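First the structure, in the form of structure tokens, and then the observations on it.
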Amino acid sequence: MGVLTPPLTPPRSHSLSKPAPVDLENYVTRTLRQQPMLPPLDRHNWYKELIWLHVAFIFLTPVIGFVGAYYTKLRWQTGLFSVFYYFVTGLGITAGYHRLWAHRCYNATRPLQYFLALAGAGAIQGSIKWWSRGHRAHHRYTDTELDPYNAHRGFYWSHIGWIMTKPRTRPGMADVGDLKNNDIVRWQHKYFTWCLLSMGFVLPSVVPWILWGDLQGGIVYAAILRLVFVHHSTFCVNSLAHWLGEAPFDDKHTPRDHLITALVTVGEGYHNFHHQFPMDYRNAIKWYQYDPTKWFIWCCQQAGLASHLKIFPTNEIRKGQLTMHLKKLRKIQQDLTWPESINELPVVTWANFQEQAATTPLILISGFIHDVTDFLDEHPGGRHHLTRYIGQDATAAFFGGVYDHSNAAHNLLAMKRVGVLHGGHPHALDDKSIPPSQKLRIAEYSELVINLPADEEPSLLSENLTRRRNVA
Ligand SMILES: [Zn+2]
Ligand SMILES: [Zn+2]
Numbered sequence: 001m002g003v004l005t006p007p008l009t010p011p012r013s014h015s016l017s018k019p020a021p022v023d024l025e026n027y028v029t030r031t032l033r034q035q036p037m038l039p040p041l042d043r044h045n046w047y048k049e050l051i052w053l054h055v056a057f058i059f060l061t062p063v064i065g066f067v068g069a070y071y072t073k074l075r076w077q078t079g080l081f082s083v084f085y086y087f088v089t090g091l092g093i094t095a096g097y098h099r100l101w102a103h104r105c106y107n108a109t110r111p112l113q114y115f116l117a118l119a120g121a122g123a124i125q126g127s128i129k130w131w132s133r134g135h136r137a138h139h140r141y142t143d144t145e146l147d148p149y150n151a152h153r154g155f156y157w158s159h160i161g162w163i164m165t166k167p168r169t170r171p172g173m174a175d176v177g178d179l180k181n182n183d184i185v186r187w188q189h190k191y192f193t194w195c196l197l198s199m200g201f202v203l204p205s206v207v208p209w210i211l212w213g214d215l216q217g218g219i220v221y222a223a224i225l226r227l228v229f230v231h232h233s234t235f236c237v238n239s240l241a242h243w244l245g246e247a248p249f250d251d252k253h254t255p256r257d258h259l260i261t262a263l264v265t266v267g268e269g270y271h272n273f274h275h276q277f278p279m280d281y282r283n284a285i286k287w288y289q290y291d292p293t294k295w296f297i298w299c300c301q302q303a304g305l306a307s308h309l310k311i312f313p314t315n316e317i318r319k320g321q322l323t324m325h326l327k328k329l330r331k332i333q334q335d336l337t338w339p340e341s342i343n344e345l346p347v348v349t350w351a352n353f354q355e356q357a358a359t360t361p362l363i364l365i366s367g368f369i370h371d372v373t374d375f376l377d378e379h380p381g382g383r384h385h386l387t388r389y390i391g392q393d394a395t396a397a398f399f400g401g402v403y404d405h406s407n408a409a410h411n412l413l414a415m416k417r418v419g420v421l422h423g424g425h426p427h428a429l430d431d432k433s434i435p436p437s438q439k440l441r442i443a444e445y446s447e448l449v450i451n452l453p454a455d456e457e458p459s460l461l462s463e464n465l466t467r468r469r470n471v472a
């Protein structure tokens, strides 16, 4: 770890020149303001805004597939091969297009790259170059109009709407220089039509034909219906994975983790993790979570076909998990009623405390004055243990002198605070002034910083309280 030598740090007393104001308009807002946008779809223009080739492809493949299946007997060999080929082409997308090329999660040897480039072409979702460019924009501008599959436009849009409609605006800028320099990616892009036809239709039809004489089954099940399932499997990563499940790592954007999504997307269902740590070759970090893409990449590594599998530091992953836990706990904390803060309570002199204790049952504990009116008859130790301390300091008695009260009793006591004694209390009692339930209180940073006049630096609440106490 680097160390700063002292001369680089100006003494705190030096006045620093004020930094230039930061332009807070974010890139997305500025880009959207500057670049043209097609009008929203409505009932007058929708047919002019659709990409009819894509519409036909997305709607005709399931129709042909299911009608074909009605007239075609499913042979077990063809059924098994169709499932196998679904995983082959699915992995072409998940392990190839997605984790290798879009996110560079690992290095692949040339034979593995050729295999993934061909398998991915069989899923018929565009070339690696086109797919990865859009996906990088999706990660960089998640949930904005610069995200091609912006989940805020709804489930339908992020699933298939964006494919069938002319893009409303250019996707956000994403660097694909590395892909342009990759000769296998260039080759696949150049010959994509041939790759698509051979891997998407010819190969899955020919294999069942040659091996067990089932050409029609090959066309219907292994080519067309398998394609429908692979399509919607990948589309679910943009729709279902941004809609269903939990956000255990961050909730700033829509990506979610869910087993169902993982099951239908060859393991891409831990999408909340993936959006936080996209360079990690895993989507699922626990051994029992379903991520066959991760297992495939790991096996390739064992076989010497893949290397440099990237794993995000566990320490940083756990920070995300902790933050989300704390958010949930803070919500619970906010739903509870807490004692008045020290800043809101009146500061009372000893003489004034004595005067008021003559008419109201007030007891001093840890520098706080408590009104026990409604507790005299509720006190489990008996009324007289309270009445004998009215107008007195019962700190020692409360904390073991007479009875060492429970944390719950201390929490309840704090709810009865009505004032602070002028002069505070000895420092040895500092930790006793905080109820046990508030010792691990969850506070946002902004709540810990008190804004002071412009020429003073903000100071932490604890410093401020110490100062108040010293002044008092
Ligand atoms: Zn996503
Ligand atoms: Zn991704």
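The sequence shown runs 1 to 472 under the UniProt record's numbering.
From the three backbone atoms N, C-alpha and C, an ideal C-beta is built for every residue, glycine too.
Fair warning: this is a prediction, and the values are worked out from it, not measured in the lab.
Can the beta-carbon of Lys166 be found closer than 9 Å to that of Glu25?
no
If you measure from the CB of His98, is any heavy atom of ligand 2 nearer than 8 Å?
yes
Is Ala102 close to ligand 2? I mean its beta-carbon at under 8 Å from any heavy atom of the ligand.
yes
With a threshold of 16 other CB atoms inside 10 Å of the CB of Gly423, please say whether the residue is buried or exposed.
exposed
Distance cut-off 8 Å: His253 Cβ against heavy atoms of ligand 2:
no
Answer yes if the segment 82-96 comes into contact with the segment 240-254, meaning at least three C-beta pairs across the two stretches below 8 Å, and no otherwise.
no
Sorry if obvious, but does the Cβ on Pro278 come closer than 8 Å to a heavy atom of ligand 2?
yes
Taking C-alpha atoms, which residue in Tyr403, Phe398, Val55, Phe66 lies nearest to Gly161?
Val55
To the nearest angstrom, report how far apart Arg318 and Gln276 are at their CA atoms.
12 Å
Assigned exposure category for Arg256 - 16 Cβ within 10 Å defines buried
buried
Leaving out the 5 sequence neighbours to the left and right, which residues in its chain are closer than 8 Å to Ile58 when beta-carbon positions are compared?
Ile160, Ile163, Met164, His231
Tell me His370's beta-bridge partners as DSSP assigns them.
Ile363, Arg417
May I ask which residues mark the beginning and end of the alpha helix (DSSP H) holding Ile184?
183-190
Which of the three DSSP states, helix, strand or coil, is assigned to Leu305?
coil
Element boundaries [alpha helix (DSSP H), containing Val202]:
Run containing Val202: none; DSSP gives neither H nor E here.
What does a CB cutoff of less than 8 Å around Asp404 pick up in its chain, not counting 5 residues either side in sequence?
none
Reduced DSSP secondary structure (H/G/I, E/B, other) of Tyr403:
coil
According to DSSP, Asp393 sits in a beta bridge with which residue or residues?
Leu364
Where the alpha helix (DSSP H) through Trp46 begins and ends:
46-49
What is the DSSP secondary structure of Thr387, counted as helix, strand or coil?
helix
I'd like to know if the segment 173-191 and the segment 110-124 are in contact, where contact means that at least 3 CB-CB pairs between them fall below 8 Å.
yes
Sequence-distant residues of its chain with Cβ nearer than 6 Å to Val418 (five each side left out):
Ile369, Asp371
Who are the Cβ neighbours of residue 493 in its own chain at under 6 Å, not counting the five residues just before and after it?
Look at the range of the chain in this structure, 1 to 472, and you will see that residue 493 is not part of it.
I'd like the list of long-range same chain contacts for Ala280, defined as Cβ closer than 7 Å, with 5 residues on each side in sequence excluded.
The amino acid at residue 280 is misidentified as Ala; the sequence shows Asp. Taken in chain order, the residues that qualify are Cys105, Lys310, Ile311, Phe312.
If I measure Cβ to Cβ from Ala223 and keep anything under 6 Å in the same chain, skipping five residues before and after, which residues do I get?
Phe201, Pro204, Ser205
With respect to the alpha helix (DSSP H) encompassing Gly120, which residues constitute its N-terminal and C-terminal limits?
110-121
Coil, strand or helix - Glu456 by DSSP:
Unreliable placement is indicated for Glu456, whose pLDDT of 48 sits below 50; no coordinate value is reported for it.
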